[in-house]
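Written below as structure tokens is the structure these notes are about.
There are 2 protein chains.
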Amino acid sequence: MTDIEVVDLLRAHGIRPSAHRVAIALYVLGNETHPSAETVLRNVRERLPVISRATVYNTLNLMNEKGLLRQHPFGPGTVFDSNVSRHHHFIDSETGEMRDVPWEKLSVSGLDSIKDAEITDYMIVIRGRFKKREA
Amino acid sequence: MTDIEVVDLLRAHGIRPSAHRVAIALYVLGNETHPSAETVLRNVRERLPVISRATVYNTLNLMNEKGLLRQHPFGPGTVFDSNVSRHHHFIDSETGEMRDVPWEKLSVSGLDSIKDAEITDYMIVIRGRFKKREA
DNA sequence: ATGGAAGATAGACTAGTTCCAGATCTTGAC
DNA sequence: GTCAAGATCTGGAACTAGTCTATCTTCCAT
Numbered sequence: 002m003t004d005i006e007v008v009d010l011l012r013a014h015g016i017r018p019s020a021h022r023v024a025i026a027l028y029v030l031g032n033e034t035h036p037s038a039e040t041v042l043r044n045v046r047e048r049l050p051v052i053s054r055a056t057v058y059n060t061l062n063l064m065n066e067k068g069l070l071r072q073h074p075f076g077p078g079t080v081f082d083s084n085v086s087r088h089h090h091f092i093d094s095e096t097g098e099m100r101d102v103p104w105e106k107l108s109v110s111g112l113d114s115i116k117d118a119e120i121t122d123y124m125i126v127i128r129g130r131f132k133k134r135e136a
Numbered sequence: 002m003t004d005i006e007v008v009d010l011l012r013a014h015g016i017r018p019s020a021h022r023v024a025i026a027l028y029v030l031g032n033e034t035h036p037s038a039e040t041v042l043r044n045v046r047e048r049l050p051v052i053s054r055a056t057v058y059n060t061l062n063l064m065n066e067k068g069l070l071r072q073h074p075f076g077p078g079t080v081f082d083s084n085v086s087r088h089h090h091f092i093d094s095e096t097g098e099m100r101d102v103p104w105e106k107l108s109v110s111g112l113d114s115i116k117d118a119e120i121t122d123y124m125i126v127i128r129g130r131f132k133k134r135e136a
């Protein structure tokens with residue numbers, strides 16, 4: 002993802018694209034992993050040494066509000082997910098590593114039997130071990 | 002649940018049943034809610050005024066390790082669940098309140114399509130609002 | 001250029017959790 | 001019962017995640 006694309010994306014979501022915000026968005030959106038705020042801070046600082054923790058939190062929360070990313074309270078601490086379309090999650094129980102599972106791959110039945118609550122969203126959280134692929 | 006039952010349960014899970022541990026287990030296991038460590042501490046202190054935060058954390062972690070309860074990193078902070086049988090979760094998005102959803106009520110299909118990982122456990126996490134019941 | 005709004009900053013602050021070193025309690029062998 | 005060894009508990013320090021605040025800067029319309 003280029004700087005220009007990120008700037009447009011931020012604007013399209015009503016976020017003024019300051020240099021800091023662009024740097025943060027570049028890192029988070031161009032990233033398939035599920036970084037924590039701390040990880041974002043560390044990585045953004047490599048490009049932009051002067052940026053405070055508060056700015057990172059502010060920006061991530063803002064992007065979350067505006068629908069540019071999702072926040073998940075898995076593992077210890079919150080983690081951010083640049084994939085805002087619906088999907089499920091697989092969490093490696095040893096390493097804590099998270100991977101997305103495509104929405105279509107799994108399906109849930111019985112949700113209509115829940116009568117005493119209004120459902121706005123749901124996801125399947127799977128725990129287990131990734132099979133090693135490295136030779 | 003009686004003291005005796007708790008003592009036996011702890012022993013059955015390889016946990017030496019000290020007075021403090023019994024008090025904590027009595028509270029957590031006889032409780033359908035999903036208390037935080039702080040809530041546990043507060044409540045146990047009513048019966049056992051001298052107990053340190055560290056002991057509560059140690060004991061809860063120990064019980065978690067030994068399979069007497071589960072730890073969920075939902076919402077802000079960790080929450081403990083005395084229901085160790087399989088079940089799903091509904092989280093009220095306003096209040097953060099968590100309720101268990103019986104395992105049989107929902108079902109997931111497609112799990113066998115996951116080839117690159119070994120599944121040890123899974124659950125459905127639903128977010129939404131409880132409908133008010135109070136008049 | 002000027003003034004106001006939005007943005008960014010550092011650092012203080014809070015909450016949650018773990019770590020640690022010493023004090024205390026249990027247990028089993030005698 | 002007594003004692004040593006080991007398990008447990010304690011308070012507080014330390015660490016981590018996240019929020020808040022006061023201040024300074026930038027941007028933009030006028």
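Each protein sequence line maps, in turn, to chains A and B. To convert, note that position 20 of the first sequence is 21 in the working numbering; the numbers rise steadily by one, no gaps. To convert, note that position 13 of the second sequence is 14 in the working numbering; the numbers rise steadily by one, no gaps. Here a beta-carbon is modelled for each residue, glycine too, at the ideal position from N, C-alpha and C. Just so we're clear, the structure is a prediction, and the values are computed from it rather than from any experiment.
Is the Cβ of Thr-96/A closer than 8 Å to any Cβ of chain B? The beta carbon of Thr-96/A sits no closer than 8 Å to any beta carbon of chain B.
Keeping to the same chain, check which residues put their C-beta closer than 8 Å to that of Asn-44/B; ignore five residues upstream and five downstream. Cβ within range, chain order: Tyr-28, Pro-36.
Would you check if the distance between the CB atom of Ile-25/B and the CB atom of Thr-3/B is smaller than 8 Å? It is not a contact, given that the beta carbons lie outside the stated cut-off.
For the putative contact between Val-41/B and Val-57/B, defined by C-beta atoms under 8 Å, what is the C-beta separation to the nearest angstrom? About 6 Å separates the two Cβ atoms, so the contact holds.
Going by Cα to Cα distance, which pick from Gly-97/B, Glu-39/B, Leu-30/B is closest to Arg-71/B? The candidate whose alpha carbon is nearest that of Arg-71/B is Leu-30/B.
To the nearest whole angstrom, what separates the beta carbons of Tyr-123/A and Val-102/A, a pair I think is in contact under 8 Å? About 13 Å separates the two Cβ atoms, so there is no contact after all.
From the DSSP output, read off the bridge partner residues of Val-109/B. Answer by DSSP bridge pairing, in chain order: Val-109/A.
Interface residues of the stretch 118 to 129 of chain B facing chain A [CB-CB below 9 Å]: From the stretch 118 to 129 of chain B, only Ala-118, Glu-119, Ile-120, Thr-121, Asp-122, Tyr-123, Met-124, Ile-125, Val-126, Ile-127, Arg-128, Gly-129 have a Cβ closer than 9 Å to chain A.
For the stretch 42 to 76 of chain A, which residues have a beta carbon sitting closer than 8 Å to at least one beta carbon of chain B? Those residues of the stretch 42 to 76 of chain A that come within reach of chain B (Cβ to Cβ, closer than 8 Å) are Pro-74, Phe-75, Gly-76.
Pick helix, strand or coil for Asp-4/A, following the three-state DSSP scheme. Asp-4/A falls in the helix class under three-state DSSP.
Short Cβ contact (8 Å threshold) for Met-99/B with Val-85/B: Result no, Cβ atoms of Met-99/B and Val-85/B do not sit closer than 8 Å.
Is it buried or exposed, Ser-114/A, if we count other Cβ atoms within 10 angstroms and call 16 or more buried? Classification of Ser-114/A: exposed, given that the 10 Å Cβ count is below 16.
With a threshold of 8 Å between beta carbons, is Val-109/A in contact with chain B? Yes, Val-109/A counts as interfacial toward chain B.
CB contact flag (Gly-111/B, Lys-106/A, <8 Å): In contact: Gly-111/B and Lys-106/A (Cβ atoms closer than 8 Å).
Backbone CA spacing between Val-8/B and Gly-15/A [nearest angstrom]: Rounded to the nearest angstrom, the two C-alpha atoms are 58 Å apart.
Step through the CB atoms of chain B and report whether any lies within less than 8 Å of the CB of His-21/A. By this cut-off, His-21/A is not an interface position.
Strictly under 8 Å for the Cβ-Cβ distance: is Ser-86/B near chain A by that measure? Not an interface residue.
Can you give the Cα-Cα distance for Phe-131/B and Arg-48/A, rounded to whole angstroms? It is roughly 45 Å from the alpha-carbon of Phe-131/B to the alpha-carbon of Arg-48/A.
8 Å is my cut-off, CB to CB: does Ser-37/A come that close to chain B? Chain B, which has no Cβ nearer than 8 Å to the Cβ of Ser-37/A, makes this no.
At least one CB of chain B closer than 8 Å to the CB of Leu-10/A: is that the case? Not one beta carbon of chain B lies nearer than 8 Å to the beta carbon of Leu-10/A.
Does any residue of chain B have a CB that is nearer than 8 Å to the CB of Phe-81/A? Cβ-Cβ to chain B under 8 Å: no for Phe-81/A.
Sort out for me which residues DSSP pairs Ala-118/A with in a bridge. Answer by DSSP bridge pairing, in chain order: Phe-131/B.
Expressed to the nearest angstrom, what Euclidean distance is found between the alpha-carbon atoms of Trp-104/A and Pro-18/B? Each residue's alpha carbon lies about 45 Å from the other.
By a C-beta neighbour count over all protein chains shown, 10 Å radius and 16 as the cutoff for buried, is Ile-127/B buried or exposed? With 16 or more Cβ atoms within 10 Å of its Cβ, Ile-127/B is classed as buried.
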